[in-house]
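J.: Read top to bottom, the protein sequences are chains A and B.
If you're matching positions, the first sequence starts at 1 in UniProt numbering and goes up one per residue.
If you're matching positions, the second sequence starts at 1 in UniProt numbering and goes up one per residue.
I have a structure I would like to understand better, so I am pasting it below and will then ask my questions one at a time.
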Amino acid sequence: MLWTATKRTAINRRSFLAGLGGAAVLAGSGWNGPALAEGLIGEIEAPLFATACKRANGSYALAILDDAGQILAEVGLPDRGHGMAVSPDGRKIMAFARRPGTFAMLIDPYDSKEPLVIASEPGRHFYGHGCFSADGRLVYAVENDYERVRGVLGVYDVSGTGAQRIGEIETGGIGPHDLLLMPDSKTMVIANGGIQTDPGQPREKLNIESMDPSVAYLDLNSGDVLTQHRLSRDLHKLSLRHMALDGKGQVWVGGQFEGDLQQMPPLVARMTQDTGPVLTEIPDQLASGLQSYIGSVVANRTGDVVATSAPRGGQVMFWSASTGELLGAKAVIDGCGLAPIDGSAFLISDGLGGLRYLEEPEAVPDVLAQVPGMSFDNHMFAL
Amino acid sequence: MRLTLFAALAVTTAVALQAPPGQAADFSPHVKRVLETYIRPATQAFAETSATLPPAAEALCSAPSDQTREAFAASYTKTLEALGNITFLRFGPLISDHRLERLAFLPDARNIAQRQIRKALTDQDGTLGDPAALAGKSVALQGLTALQLIAFDSDSNLTLGAGDDKEALCAYASAITRNVASIAGEIAAEWQDPKGYSALLLTADAGNDQFHSSKEAIETIFNAQVTGLIVIKDQELLPALGTGKDKAKPNKLPFSRSSNASAYMAAELEGIRDAMNAAKFEPNLGSDAAWIPGSLNFEFGNAAKTLRSLKGPLRQTMDAGATYDKLNLVAIQVNSLRDTMALNLAGGLGLSGGFNALDGD
Numbered sequence: 001m002l003w004t005a006t007k008r009t010a011i012n013r014r015s016f017l018a019g020l021g022g023a024a025v026l027a028g029s030g031w032n033g034p035a036l037a038e039g040l041i042g043e044i045e046a047p048l049f050a051t052a053c054k055r056a057n058g059s060y061a062l063a064i065l066d067d068a069g070q071i072l073a074e075v076g077l078p079d080r081g082h083g084m085a086v087s088p089d090g091r092k093i094m095a096f097a098r099r100p101g102t103f104a105m106l107i108d109p110y111d112s113k114e115p116l117v118i119a120s121e122p123g124r125h126f127y128g129h130g131c132f133s134a135d136g137r138l139v140y141a142v143e144n145d146y147e148r149v150r151g152v153l154g155v156y157d158v159s160g161t162g163a164q165r166i167g168e169i170e171t172g173g174i175g176p177h178d179l180l181l182m183p184d185s186k187t188m189v190i191a192n193g194g195i196q197t198d199p200g201q202p203r204e205k206l207n208i209e210s211m212d213p214s215v216a217y218l219d220l221n222s223g224d225v226l227t228q229h230r231l232s233r234d235l236h237k238l239s240l241r242h243m244a245l246d247g248k249g250q251v252w253v254g255g256q257f258e259g260d261l262q263q264m265p266p267l268v269a270r271m272t273q274d275t276g277p278v279l280t281e282i283p284d285q286l287a288s289g290l291q292s293y294i295g296s297v298v299a300n301r302t303g304d305v306v307a308t309s310a311p312r313g314g315q316v317m318f319w320s321a322s323t324g325e326l327l328g329a330k331a332v333i334d335g336c337g338l339a340p341i342d343g344s345a346f347l348i349s350d351g352l353g354g355l356r357y358l359e360e361p362e363a364v365p366d367v368l369a370q371v372p373g374m375s376f377d378n379h380m381f382a383l
Numbered sequence: 001m002r003l004t005l006f007a008a009l010a011v012t013t014a015v016a017l018q019a020p021p022g023q024a025a026d027f028s029p030h031v032k033r034v035l036e037t038y039i040r041p042a043t044q045a046f047a048e049t050s051a052t053l054p055p056a057a058e059a060l061c062s063a064p065s066d067q068t069r070e071a072f073a074a075s076y077t078k079t080l081e082a083l084g085n086i087t088f089l090r091f092g093p094l095i096s097d098h099r100l101e102r103l104a105f106l107p108d109a110r111n112i113a114q115r116q117i118r119k120a121l122t123d124q125d126g127t128l129g130d131p132a133a134l135a136g137k138s139v140a141l142q143g144l145t146a147l148q149l150i151a152f153d154s155d156s157n158l159t160l161g162a163g164d165d166k167e168a169l170c171a172y173a174s175a176i177t178r179n180v181a182s183i184a185g186e187i188a189a190e191w192q193d194p195k196g197y198s199a200l201l202l203t204a205d206a207g208n209d210q211f212h213s214s215k216e217a218i219e220t221i222f223n224a225q226v227t228g229l230i231v232i233k234d235q236e237l238l239p240a241l242g243t244g245k246d247k248a249k250p251n252k253l254p255f256s257r258s259s260n261a262s263a264y265m266a267a268e269l270e271g272i273r274d275a276m277n278a279a280k281f282e283p284n285l286g287s288d289a290a291w292i293p294g295s296l297n298f299e300f301g302n303a304a305k306t307l308r309s310l311k312g313p314l315r316q317t318m319d320a321g322a323t324y325d326k327l328n329l330v331a332i333q334v335n336s337l338r339d340t341m342a343l344n345l346a347g348g349l350g351l352s353g354g355f356n357a358l359d360g361d
């Protein structure tokens, strides 16, 4: 396919449906069509999703999909992406490079202007995740201040035409990864993964023995750490990385274990600002295949079920928000991306181009699409 | 991750067996053999078989009789089997220009094809009968899944050539068959082209944009086979089997409307097996892994045989006899084939697969 890096090719819904895949449109060279949308939302009510991906020719992109699993648009990325911040109205995306990448891209799929590429500050690189403020004017990006070995939230003003970095807030730990804005709009929860890295040795882990992961509740106005939760000392090698907020206001966090995999430590915990982490139990038979690695954590719309993917074990586990019980697990080879869809269902993406719809944990997932040559990356977001 | 673990162990073994210290194993002979003895002949066979469809559809439409109906049905089945043999080749010529989706729009969990066909027919879209115009329309309207929807009814009866809308449907069917034959011809020609995609696979090295080593080239083929097995189990079998016999949805089986589900899925398994055998991995496997190809062949054979033993439209036989149990058994066999290929064989060869599993964050 003929997308050039950082160049948007988008397909409007009308031409997409006319061409379902607009086979001709998609295959056409350099067609730089109208914005994704042009009345898309008014025209057909279809929930949309965005995910980073790797394409058949080895290039990287951000893909926008509908609820039938059809790819409506792709925006080329300079390198591998990871997570993204989605504005509260679902109309703007700031996509981040995978760590230790130094680019972010501000994309407005409903507008025909070119995406804006943002470079990280000197001495900083992105960690792959970000979050909009409640009013949609700011984006908070997790970043590595690698010389001072501390995590920061870079604060970007995206209210105008560009993205202006206007400050930063310490995250209270090393290796901040996922982040969640609480319903009060002023408390940000950050999973400090605890792993020290340096761009001079990309993806090398420098402090496994002294890791100190935590989940920090930050006051965005003062920059103060309000609360910082840690697991017990024997679990200090469980890097706390991805999170979701359930319907009861509990933060769920999934970890990736840097210790001896034979240990099969707990991998998922839930907490509130006032109540420390409560670990969930994964039956041994299931745990033994997971390689102690959780990829994504996402709650459904009703907030009563939390899904955690374990791509190294090819499993997605589902948890009851009210009791913390394991409701079930589904085998999805290389499955990682999760997004809420419809009332209480989940969409699951995988590295083989598969998109599955799961009505409820007891159901059999329906494969909505199997996109040839496509690898969906770790995370998927509902727009 | 189990796969990485196996792969890591196996790299040591494979390198020890195959390559001098410090040098990676050379998979280029395997790539060449799969290309020459499987991919090119199989895509050529699909082109030749699908070329029988346009005359068969036109004969049926101009003179409907038991004979022309049987000939069309046979041609359609053979074309689906030839497609089944190659659907796992989800790289290069089969996926460029959206060819795979244009040949068969699968899965179609939301019945998009049905809705679009109804709309096009209601709108009296006169260009449906024009193969060139069709090639520019929705992928869901273009291929063998669309042909099945207009040629067979939901009780699996062949209805093409009969009924009030015979003329419009026959024109549309003719355009589909020509479009399919044309796409199949393009795929075969691109695979035959010595300067085309096969050159990329055969010249894998550091200077090659897509494949930096013969290992990456063989992994592309190998991982497509593994993905093919996952598609059969997760996309084709499990949603149809549902959570129990009383919850089965046989209409979700691929090409079940035309009673070709078992033939198509058997052909998929046979294609994946034959491509594996074409690679001739045996000399690369140490004594502890020597059992794998024989075991895989045995399991592939069993699963394909079970599918081939299911006669008639599975839509109607699902709740009768042992059809459900047999399909359930095939799902278990395919799962085991996936594990043996992705864990044991990949491990024995030092190949790796996965994207999120391999290097997450």
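Ideal placement from N, C-alpha and C gives every residue a C-beta, glycine not left out.
Nothing here was measured: the structure is a model prediction, and the numbers come from that model.
Pop quiz: serine 296 (chain A) and leucine 338 (chain A) are said to be a contact at Cβ under 8 Å. What is the actual Cβ separation, rounded to whole angstroms?
T.: Between leucine 338 (chain A) and serine 296 (chain A) the Cβ distance is about 5 Å, and since that is below 8 Å, they are a contact.
J.: Going by the DSSP bridge assignment, what does arginine 124 (chain A) pair with across the sheet?
T.: A:Asp145
J.: So for glutamate 204 (chain A), helix, strand or coil by DSSP?
T.: Coil, per DSSP.
J.: Near alanine 23 (chain A), which residues of its chain fall below 6 Å by C-beta distance, leaving aside the five closest residues on each side in sequence?
T.: Any reading at alanine 23 (chain A) must be qualified, since the residue scores a pLDDT of 26, below 50, and its modelled position is unreliable; the value itself is stated next. Correct list: empty, nothing qualifies.
J.: My parser needs the alpha helix (DSSP H) runs of 4 or more residues fully inside the stretch 267-315 of chain B; what are they?
T.: 291-308
J.: What does the Cβ neighbour count give for glutamate 219 (chain B), buried or exposed, with the cut at 16 atoms within 10 Å?
T.: That one is buried.
J.: Tell me, please, whether the CB atom of isoleucine 208 (chain A) is closer than 8 Å to any CB atom in chain B?
T.: no
J.: In chain A, which residues lie less than 9 Å from aspartate 130 (chain B) when you measure between Cβ atoms?
T.: None at all; the shortest Cβ gap to chain A is about 14 Å.
J.: What residues from chain A crowd round asparagine 344 (chain B), counting only those whose CB sits closer than 8 Å?
T.: Under the 8 Å cutoff, chain A gives no residues; its nearest Cβ is about 15 Å from asparagine 344 (chain B).
J.: Tell me whether aspartate 361 (chain B) sits in a helix, a strand or coil according to DSSP, three-state version.
T.: coil
J.: So that I know if they touch, is there some Cβ in chain A lying closer than 8 Å to that of glycine 242 (chain B)?
T.: yes
J.: Sorted by chain position, which residues of the same chain lie with C-beta nearer than 8 Å to tyrosine 264 (chain B)'s C-beta, five sequence neighbours on each side aside?
T.: Leu80, Glu81, Leu83, Gly84, Pro254, Phe255
J.: Kindly identify the DSSP beta-bridge partner or partners of tyrosine 140 (chain A).
T.: A:Cys131, A:Val155
J.: Below 8 Å between beta carbons: does that hold for leucine 327 (chain A) and proline 365 (chain A)?
T.: no
J.: Which residues, in order along the stretch 222-252 of chain B, keep a beta-carbon less than 7 Å from a beta-carbon of chain A?
T.: Thr227, Ile230, Val231, Asp234, Gln235, Leu238, Pro239, Gly242, Thr243
J.: Can you check which of these residues, A:Tyr293, A:Glu209, A:Arg241, is closest to arginine 233 (chain A) by C-alpha distance?
T.: Nearest Cα to arginine 233 (chain A) within the set A:Tyr293, A:Glu209, A:Arg241: A:Glu209.
J.: Which residues does DSSP pair with alanine 347 (chain A) in a beta bridge?
T.: Sequence check: residue 347 (chain A) is leucine here, not alanine. Paired residues: A:Ala339, A:Tyr357.
J.: Give the range of the alpha helix (DSSP H) segment to which leucine 100 (chain B) is assigned.
T.: 99-103
J.: Closest by CA to glutamine 164 (chain A), which one among A:Val155, A:Gly172, A:Glu170?
T.: A:Val155
J.: May I have a chain-ordered list of the alpha helix (DSSP H) segments no shorter than 4 residues that lie completely inside the stretch 314-358 of chain B?
T.: The alpha helix (DSSP H) runs lying completely inside the stretch 314-358 of chain B and spanning 4 residues or more are 314-317, 323-339, 346-349, given in chain order.
J.: Using the beta-carbon of each residue, which ones in chain A are nearer than 8 Å to alanine 120 (chain B)?
T.: The premise fails here: alanine 120 (chain B) is roughly 11 Å from chain A at the closest Cβ pair, so nothing lies under 8 Å.
J.: Taking the CB atoms as reference points, tell me whether glutamine 196 (chain A) and isoleucine 174 (chain A) lie closer together than 8 Å.
T.: yes
J.: Assuming alanine 275 (chain B) contacts tyrosine 38 (chain B) under a Cβ cut-off of 8 Å, what Cβ separation, rounded to an integer in Å, is found between them?
T.: 5 Å
J.: Buried or exposed, going by whether 16 or more other CB atoms sit within 10 Å of the CB of asparagine 356 (chain B)?
T.: buried
J.: Of all the residues that make up the stretch 86-114 of chain B, which are near chain A by a beta-carbon distance shorter than 7 Å?
T.: Arg90, Phe91, Ile95, Asp97, His98, Leu100, Glu101, Arg102, Pro107, Ala109, Arg110, Ile112
J.: So which residues of chain B does histidine 82 (chain A) contact, with C-beta pairs closer than 7 Å?
T.: Asp361
J.: Strictly under 8 Å for the Cβ-Cβ distance: is phenylalanine 355 (chain B) near chain A by that measure?
T.: True, the Cβ-Cβ gap to chain A drops below 8 Å.
J.: When the Cβ atoms of the stretch 126-145 of chain B are set against those of the stretch 156-165 of chain B, are three or more pairs found closer than 8 Å?
T.: no
J.: Using a Cβ-Cβ distance cut-off of 8 Å, determine whether isoleucine 333 (chain A) contacts chain B.
T.: yes
J.: Would you mind working out which of A:Arg98, A:Asn192, A:Val142, A:Arg356 sits nearest valine 215 (chain A), comparing C-alpha positions?
T.: A:Asn192
J.: Answer with buried or exposed for asparagine 221 (chain A), where buried requires no fewer than 16 other C-beta atoms within 10 angstroms of its C-beta.
T.: exposed
J.: Could you tell me how far apart the beta carbons of histidine 236 (chain A) and aspartate 212 (chain A) are, in whole angstroms, since I believe they sit closer than 8 Å?
T.: Between histidine 236 (chain A) and aspartate 212 (chain A), the beta carbon gap of about 6 Å places them in contact (Cβ cut-off 8 Å).
J.: List, in order along the chain, the chain B residues whose C-beta lies closer than 7 Å to that of glutamine 263 (chain A)?
T.: In chain order: nothing, as chain B lies at least about 16 Å away.
J.: Select from the stretch 51-84 of chain A all residues with a C-beta closer than 7 Å to any C-beta belonging to chain B, and list them in chain order.
T.: Lys54, Ala56, Asn57, Gly58, Ala68, His82
J.: Between glutamine 210 (chain B) and chain A, is any beta-carbon pair separated by less than 8 Å?
T.: Yes, glutamine 210 (chain B) counts as interfacial toward chain A.
J.: Just tell me which of A:Asp157, A:Ser309, A:Ala119 has its CA closest to the CA of cysteine 131 (chain A).
T.: A:Asp157
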